[in-house]
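Numbering (mature numbering (1 follows the signal peptide of the UniProt record, and there is no 0)), first residue to last: -23 to -1, 1 to 284.
Heads up, the beta-carbon is just placed ideally off N, CA and C, and yes, glycines get one too.
Quick caveat, the model's predicted, so the values are computed rather than measured.
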């Protein structure tokens, strides 16, 4: 059984470019990163969003009425959780303080919101699993375009970050792009708009709503939310969402309560970006464990429960 989860897409009007032209003709000076981001946003809005919007509309016609109602309820719950988290963060932050010190009460409130979000996302994942065949068919219909988007965005990133040395083995990113549409295994993605190829993200997405830079997948996760494992507790199949700020080797391991490595889920080079990875934890016995993500930026360890 494959349960799959999280994140979505778009805005900003600039003139009509195609990304290959941008990649070939533009050289980005250190101070023009903002312009480069705007051009990427424009590309995604003009190329990715219309195609995926049409596919999402097709899916809507296939959803049962009860499931549509359930999905709208889950969207409302998730919005309420996001708003509550934002409000809490605002209450805790003093002027000019980027990372506020939280009181015990605020920490407890954040934990409660995180737990509620996990439950809601677990239910979204179950809905996505129910319609997995329909979603995969819609993805397969535009698989060739997806590969072109991925190649264009990759070319643009390389053209606009000449100072960054690409780590050895980075060609694996291309391999992932080639198999993402056909494999029901590791659908790790990188690049704005590419998270729409995650079934749960695709299901949650409403193409009629205005889309932000964060929705495009162009802004980093909020502090304290760099990685997530869903559902948690898990019965075996789960997804890990995480971000990579600097290109390099990314290792994901599972540790037992004594800190011993019991499973290595990934050890490969990845470019900077947001990712989701489907993982199989069925070999683990029911207990509490930790997953550890090691990137060039540091190490992050979080607890999860295998039912």
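{"Asked": "Assigned secondary structure, residue 259 (DSSP; H/G/I helix, E/B strand, else coil)", "Found": "coil"}
{"Asked": "CB contact below 9 Å: residue 185 versus chain D", "Found": "Protein chain content of the structure displayed is limited to a single chain, and chain D is not contained in it."}
{"Asked": "Enclosing beta strand (DSSP E) for residue 275 [first to last residue]", "Found": "275 to 283"}
{"Asked": "Residues near residue 28 by beta carbon distance below 8 Å, same chain, minus five either side", "Found": "119, 122"}
{"Asked": "Euclidean distance between Cα positions of residue 30 and residue 272", "Found": "33 Å"}
{"Asked": "Beta carbon of residue 256 nearer than 9 Å to that of residue 215", "Found": "yes"}
{"Asked": "Minimum C-alpha distance to residue 248 - residue among 181, 19, 114, 274", "Found": "274"}
{"Asked": "Own chain residues within Cβ distance below 8 Å of residue 264, not counting five before or after", "Found": "233, 234, 282, 283"}
{"Asked": "Beta-carbon contacts of residue 33 that lie in its chain and below 7 Å, excluding the five residues immediately before and after", "Found": "179, 182, 184"}
{"Asked": "Start-end ranges of the alpha helix (DSSP H) lying completely within the segment 9 to 51, minimum 4 residues", "Found": "10 to 20, 26 to 37"}
{"Asked": "Span separating the alpha-carbon of residue 258 from that of residue 210", "Found": "11 Å"}
{"Asked": "Alpha-carbon to alpha-carbon, residue 51 and residue 90", "Found": "14 Å"}
{"Asked": "Limits of the unbroken beta strand (DSSP E) element including residue 226", "Found": "225 to 232"}
{"Asked": "Where residue 115 falls: helix, strand or coil (DSSP)", "Found": "helix"}
{"Asked": "Where residue 249 falls: helix, strand or coil (DSSP)", "Found": "coil"}
{"Asked": "Rounded straight-line distance, which links the Cα of residue 85 to that of residue 64", "Found": "14 Å"}
{"Asked": "Candidates 229, 59, 104, 17: closest to residue 268 by CA position", "Found": "229"}
{"Asked": "CB contact flag (residue 176, residue 95, <9 Å)", "Found": "no"}
{"Asked": "Neighbourhood of residue 62 by C-beta, 6 Å cutoff - its chain only, sequence neighbours within 5 removed", "Found": "90"}
{"Asked": "First and last residue of the uninterrupted alpha helix (DSSP H) at residue 92", "Found": "81 to 107"}
{"Asked": "Reduced DSSP category for residue 110 - H, G, I as helix; E, B as strand; rest coil", "Found": "helix"}
{"Asked": "Which residues DSSP lists as bridging residue 220, in chain order", "Found": "251"}
{"Asked": "Candidates 108, 128, 241: closest to residue 270 by CA position", "Found": "241"}
{"Asked": "Presumed contact (8 Å Cβ cut-off) between residue 174 and residue 133, rounded CB distance", "Found": "Not really, about 18 Å apart at Cβ, beyond 8 Å."}
{"Asked": "Beta carbon of residue 105 nearer than 9 Å to that of residue 58", "Found": "no"}
{"Asked": "Whole-angstrom distance between residue 45 and residue 36, CA atom to CA atom", "Found": "11 Å"}
{"Asked": "Assigned secondary structure, residue 269 (DSSP; H/G/I helix, E/B strand, else coil)", "Found": "strand"}
{"Asked": "Outcome for residue 102 when other beta-carbon atoms lying within 10 angstroms are tallied against a minimum of 16", "Found": "buried"}
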